[in-house]
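Numbering (the numbering used here), first residue to last: 11 to 230. Notes for the one structure printed next.
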């Protein structure tokens with residue numbers, strides 16, 4: 011999925027900011043001493059709670075197979091999914107990631123309509139300290155509908171893989187796509203079939219790089 015988009019400053023006007031002190035944390039029981047990535051979720055697309063939790067579990071499984079545990083902070087599950095940035099940039103540790111799930115209208119205002127239809131997310135910027143990723147939920151739903159008959163991959167599974175893919179861009183500090191695995195782009199029918207069976211994963215080399223990066227961020 012694309013990692014650059016012009017006129018991104020519009021986010022400052024569209025998205026409301028402010029730290030939400032209390033959120034629901036999913037999958038928080040990571041063993042002491044393990045590599046843990048904390049993901050703050052802003053559910054601007056108002057994805058239903060069941061789908062969102064299933065997507066988070068899907069992404070959790072992908073990162074777990076790469077050797078990294080995930081914690082999810084979901085204020086949107088208690089605030090009706092209002093579009094808001096739960097954290098201001100620079101106000102939280104580098105091992106924390108801000109995920110914003112955008113509805114179609116906001117995605118298009120950001121210029122997503124100029125991107126190929128199979129682009130379902132964004133990891134903007136460059137450099138090793140990035141913490142922001144976005145998912146375009148209308149495109150996730152359309153992609154799932156397109157492939158559901160052939161692959162049985164539903165919107166929750168697709169969203170979970172999109173989230174893992176975009177966070178992968180941050181942790182790998184790489185704007186390009188790989189030839190195989192979850193960091194391929196765009197995904198073909200075979201990739202979606204693998205996703206439906208839980209087999210669309212980071213490669214061994216990517217997993218090692220992700221573990222090293224999470225370890226580095228935890229020391230920040």
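Glycine included, C-beta positions come from ideal geometry on N, C-alpha and C.
Check                                                                                                                                                                                           : Outcome
Whether or not the region 54–68 and the region 180–198 are in contact is what I'm after, with contact meaning three or more pairs of Cβ atoms, one per stretch, closer than 8 Å; do they touch? : no
Alpha carbon to alpha carbon, what distance is there between residue 172 and residue 130?                                                                                                       : 7 Å
Quick one: what's got a C-beta closer than 7 Å to residue 44's C-beta in the same chain, skipping five residues either side?                                                                    : 79
Go ahead and pull the three-state DSSP assignment for residue 72.                                                                                                                               : helix
Could you tell me which whole beta strand (DSSP E) segments of length 3 or greater appear in the region 108–164?                                                                                : 142–146
If the criterion is Cβ atoms closer than 7 Å, does the pair residue 57 and residue 107 meet it?                                                                                                 : no
Give the DSSP bridge partners of residue 209, in chain order.                                                                                                                                   : Paired residues: none, contrary to the question.
Quick one: using the 10 Å Cβ neighbour count with 16 as the cut-off for buried, is residue 134 buried or exposed?                                                                               : buried
Pick out whichever of 68, 47, 71, 229 has its Cα sitting closest to the Cα of residue 83.                                                                                                       : 47
Starting from residue 47, follow its DSSP beta bridges and name the residues at the other end.                                                                                                  : 80
Roughly how many angstroms lie between the CA atoms of residue 105 and residue 180, to the nearest whole one?                                                                                   : 11 Å
Measuring alpha carbon to alpha carbon, tell me which residue in 113, 68, 74 is nearest residue 53.                                                                                             : 113
Taking the alpha carbon of residue 208 as the point to measure from, which residue in 143, 167, 158, 152 has its own alpha carbon closest?                                                      : 167
I need the straight-line Cα distance from residue 229 to residue 138, nearest angstrom please.                                                                                                  : 14 Å
DSSP beta-bridge partners for residue 106?                                                                                                                                                      : 48
Could you give the first and the last residue of the continuous alpha helix (DSSP H) run that contains residue 192?                                                                             : Looking at the DSSP string, residue 192 is not in any alpha helix (DSSP H), and its letter there is neither H nor E.
Identify whether residue 204 lies in helix, strand or coil by the three-state DSSP scheme.                                                                                                      : helix
Once the 5 residues before and after residue 174 are set aside, which same chain residues still bring their CB inside 7 Å of it?                                                                : 69, 72, 73, 192
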